[in-house]
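This report refers to the structure that appears directly beneath it.
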Amino acid sequence: MKVIGLKEICLCASAMMAMTSAASGDEYPTDAYFGDTHVHTGWSADAGFDGAVKTPVEAYRLASGEEIIANSGIKVRLNRPYDWFMVTDHSDAMGVINKVVEGNEEMLKDDTVRGWSEALNSGDEAAAAAAKSELIVMQSEERLPGVVMDPKWMKIAWEETVDAAEQFYRPGEFTTFIAFEWTVNADGGNNLHRNVIYRDGAERTRPRLPLTTFQTQDPLDLWRWMAEYEESTGGQVLAIPHNGNLSNGRMFEERQFDGSAMSKGWAELRARYEPLFELTQMKGQSESHPALSPEDEFADWDIWDKGNLAVKEKEDGDIQFEYWREALKAGLRIEEQLGANPFLYGAKGGTDTHTGLSTTEEDNFFGKFKTLEPSNQARWAFPLMSGPTQSYIGWEQTATGVMGVWAIENTREAIWDAMKRKETFATTGPRMKLRFFGGFDFSDADLEVDLAASGYQRGVTMGSRMHEAPQGKSPTFMVAAMKDPEGANLDRIQIIKGWIDRVGQAHEKVFNVAWSGNRELDAQGKLSLVGDTVDRDTATYENTIGAAQLAGVFEDPEFDPENKAVYYVRVLEIPTPRWTLYDKVRFGITDMADEVPLAHQERAFSSPIWYGPGG
Numbered sequence: 000m001k002v003i004g005l006k007e008i009c010l011c012a013s014a015m016m017a018m019t020s021a022a023s024g025d026e027y028p029t030d031a032y033f034g035d036t037h038v039h040t041g042w043s044a045d046a047g048f049d050g051a052v053k054t055p056v057e058a059y060r061l062a063s064g065e066e067i068i069a070n071s072g073i074k075v076r077l078n079r080p081y082d083w084f085m086v087t088d089h090s091d092a093m094g095v096i097n098k099v100v101e102g103n104e105e106m107l108k109d110d111t112v113r114g115w116s117e118a119l120n121s122g123d124e125a126a127a128a129a130a131k132s133e134l135i136v137m138q139s140e141e142r143l144p145g146v147v148m149d150p151k152w153m154k155i156a157w158e159e160t161v162d163a164a165e166q167f168y169r170p171g172e173f174t175t176f177i178a179f180e181w182t183v184n185a186d187g188g189n190n191l192h193r194n195v196i197y198r199d200g201a202e203r204t205r206p207r208l209p210l211t212t213f214q215t216q217d218p219l220d221l222w223r224w225m226a227e228y229e230e231s232t233g234g235q236v237l238a239i240p241h242n243g244n245l246s247n248g249r250m251f252e253e254r255q256f257d258g259s260a261m262s263k264g265w266a267e268l269r270a271r272y273e274p275l276f277e278l279t280q281m282k283g284q285s286e287s288h289p290a291l292s293p294e295d296e297f298a299d300w301d302i303w304d305k306g307n308l309a310v311k312e313k314e315d316g317d318i319q320f321e322y323w324r325e326a327l328k329a330g331l332r333i334e335e336q337l338g339a340n341p342f343l344y345g346a347k348g349g350t351d352t353h354t355g356l357s358t359t360e361e362d363n364f365f366g367k368f369k370t371l372e373p374s375n376q377a378r379w380a381f382p383l384m385s386g387p388t389q390s391y392i393g394w395e396q397t398a399t400g401v402m403g404v405w406a407i408e409n410t411r412e413a414i415w416d417a418m419k420r421k422e423t424f425a426t427t428g429p430r431m432k433l434r435f436f437g438g439f440d441f442s443d444a445d446l447e448v449d450l451a452a453s454g455y456q457r458g459v460t461m462g463s464r465m466h467e468a469p470q471g472k473s474p475t476f477m478v479a480a481m482k483d484p485e486g487a488n489l490d491r492i493q494i495i496k497g498w499i500d501r502v503g504q505a506h507e508k509v510f511n512v513a514w515s516g517n518r519e520l521d522a523q524g525k526l527s528l529v530g531d532t533v534d535r536d537t538a539t540y541e542n543t544i545g546a547a548q549l550a551g552v553f554e555d556p557e558f559d560p561e562n563k564a565v566y567y568v569r570v571l572e573i574p575t576p577r578w579t580l581y582d583k584v585r586f587g588i589t590d591m592a593d594e595v596p597l598a599h600q601e602r603a604f605s606s607p608i609w610y611g612p613g614g
């Protein structure tokens, strides 16, 4: 195997400046900005049913660095504010829950709604949970009471959502976006949710109410709705799907929503309006699955695969169409068949918090539902989601995640544009920084100068396509990662390759590119574990292993210029305590089940770089 620059490399000063300096009008982005694209407040019906009362204004206050009072009455403040942020309340019944709790006379004329109001005001958590489950089922089966779907309730909430985003927008300091979630729960709970994010301000967005599933559940209708918005307003909008792992095989199914065959136009429309996919969030990850990637020793992490949102069990073969890595490979094959790739997805992470509190730090984790805020000292054992035969328990909830974007400045336009071109990376929470470039002539020498300048001048960055390989050349990839200044050291950098061979079969392989310490690759290209300094008795760890930054240049040793391929980067931290361990120590929990993970390896993923004959 021909690999260049495998050893740990300390980035020189100029290279580090390219990764950390503030944007200064250079031709390329010089800084990464961190934020959350997936936040629900008490104005989302399911959040409100769970007891969340935080408003969009309070969500922005917390995200921008202020201390607020959590839904459970305790103080909360982030360790660090975000660079950018948005509220993405469900468009279905947006703002309705407030009226239900208040006992709005018009709403309470409906027997079902009156029952919900009584349950929510009873103080009985079990009754409130049952009401929330009923709401989700009724929404997925398209039989919600008519009064709930009346757009007049949404109009009030939407205007206040827009106003909150405008109120907190401080260009160059703290960027906000106007956004919502379109929440399709097809076939009784199959997750096909999308977060819809505008590049525009109030003038274009306030007059138009968000699309709801009361109007349609077909993603094609969403993309057409987005196209009509752009045409009629001159604005711009994108969508980000999430939780393919809870779709029971429908997120990346190779057909249209109505069962008809994919067309080139359909594939192009999906790729145009959905540039990113959410890999990690509180309801597990949708990056990879050990059953699909049995040779990948790090594929088994934050797995939620018991069923869909209603915990309806999966059928054989479903998981093949639920995970990003599989979709990236499938897209290469589909492109050969249709002439268009519907799955050109970059990487993105988010919280999916349903409290208005976007907290990703394991030691400052406020849960993603009000019932799982730290005031609940037994939250690890709380029944989170239940189905006919299986359940998800509180400890399975994750503290993840955030997205980093390489943008020329911290403004709405610059960050949205970075999302659109996929110059993004997902992390499970830490604010590590990741660079990834592809070309045909990178070498170790590029790591010793201005890494970013070399990457932009002589190659393409994450989210891009590579041109056809020059005769006799293989792709070379340059990658660099820097630890979160307040987090753990790095274990390794890997490049994950997917490709389609000459007979149309999909393959994948994981390559170790750079790593800490004096470890060496074995004959199979595997690397020994970095070690583990986590103290399970004190919920502490030592940064005595790993590296503060890693970099390397990798040349694909198995490159075939006739095969379409896709490459992305995975960065692993050293093991650190999980929020469950912090809870165990903090609250003196002695009966935590053995199956509960107490430590993990946080990670980051780059958007891919694609290669194909003809570019």
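At position 570 of the sequence shown (counting the first as 1) the number is 569 in numbering that gives the first Met the number 0, and the numbers step up by one without a gap. Glycine is no exception: its CB is placed at the ideal position from the N, C-alpha and C atoms. Predicted model only: the values in this text are computed from it and were never measured.
Do residue i and residue j have their C-beta atoms closer together than 7 Å?
i	j	result
Phe48	Ala125	no
Asp199	Gly234	yes
Thr475	Phe436	no
Ala564	Ser515	no
Thr427	Thr399	yes
Ala406	Tyr32	yes
Pro596	Arg569	no
Ala480	Leu549	yes
Thr40	Thr54	yes
Asn615	Ala51	Nothing in the structure corresponds to residue 615, since the chain is present only between 0 and 614.
Leu343	Lys263	no
Phe256	Asp304	no
Trp222	Leu275	no
Phe604	Ala346	yes
Ile499	Arg332	yes
According to DSSP, simplified to helix, strand and coil, what is residue i?
i	result
Ser20	With a pLDDT of 32 at Ser20, under the threshold of 50, the predicted position of this residue should be treated as unreliable, and no value is reported.
Lys496	strand
Phe320	helix
Tyr272	helix
Lys98	helix
Asp162	helix
Gln523	coil
Arg457	helix
Leu119	helix
Met93	coil
Leu245	helix
Pro373	coil
Ser231	helix
Arg535	coil
Phe167	helix
Glu105	helix
Val146	helix
Gly264	helix
Ile608	strand
Phe251	coil
Let me check understanding here. Comparing Cα to Cα, which of the options lies closest to residue i?
i	options	result
Leu433	Gly497, His599, Asp109 and Ala513	Ala513
Gly316	Leu343, Thr370, Asn244 and Phe173	Asn244
Thr532	Thr460, Glu541, Gly524 and Lys525	Glu541
Phe364	Lys98, Asp109, Thr579 and Trp42	Thr579
Ala266	Ala178, Gly587 and Pro341	Pro341
Lys508	Gly438, Asn517, Lys525 and Asp521	Lys525
Met153	Phe179, Gln504 and Asn70	Phe179
Lys161	Ala505, Leu208, Ser139 and Ile135	Checking the sequence, you will find Val at residue 161 rather than Lys. For Val161, the nearest C-alpha among the options comes from Leu208.
Gln376	Glu360, Gly393 and Thr388	Gly393
Asp559	Ile492, Glu65, Asn488 and Gly471	Gly471
Thr87	Pro469, Thr279, Ala163 and Ala598	Ala163
Cβ pair count under 8 Å reaching 3, the region 237-244 against the region 181-197: Judged by Cβ distances under 8 Å, the region 237-244 makes contact with the region 181-197, as three or more pairs qualify.
- prompt: Any contact of the region 90-98 with the region 199-213, i.e. 3+ C-beta pairs under 8 Å?
  reply: yes
- prompt: Touching or not, the region 60-75 and the region 354-366, by the rule of three or more beta carbon pairs under 8 Å?
  reply: Yes, since at least three Cβ pairs between the region 60-75 and the region 354-366 fall closer than 8 Å, the two stretches touch.
- prompt: Can you list the beta strand (DSSP E) stretches of 3 or more residues lying completely in the region 542-588, in chain order?
  reply: When DSSP assignments are scanned along the region 542-588, the uninterrupted stretches of beta strand (DSSP E) that are 3 or more residues long and fall wholly within it turn out to be 548-554 and 564-572.
query: When the Cβ atoms of the region 441-454 are set against those of the region 582-593, are three or more pairs found closer than 8 Å?
result: no
field: Segments of 3+ residues assigned as beta strand (DSSP E) that fall wholly inside the region 181-215
entry: As far as the region 181-215 is concerned, its whole beta strand (DSSP E) runs of at least 3 residues are 193-197.
task: Let me know the beta strand (DSSP E) ranges lying completely inside the region 380-453, each 3 residues or longer, listed in chain order.
output: 382-385, 390-392, 401-406, 423-426 and 432-438
- request: Report yes or no: do the region 157-177 and the region 286-300 share at least 3 C-beta pairs separated by less than 8 Å?
  value: no
- prompt: What are the uninterrupted segments assigned as beta strand (DSSP E) that are 3 or more residues long and contained completely in the region 324-378, given in chain order?
  reply: 345-348
- request: Would you be able to state if there are at least three C-beta pairs under 8 Å between the region 447-454 and the region 372-379?
  value: no
field: Unbroken stretches of the beta strand (DSSP E), 3 residues or longer, contained in the region 55-84
entry: You should have found no qualifying run.
task: Would you be able to state if there are at least three C-beta pairs under 8 Å between the region 461-477 and the region 598-614?
output: yes
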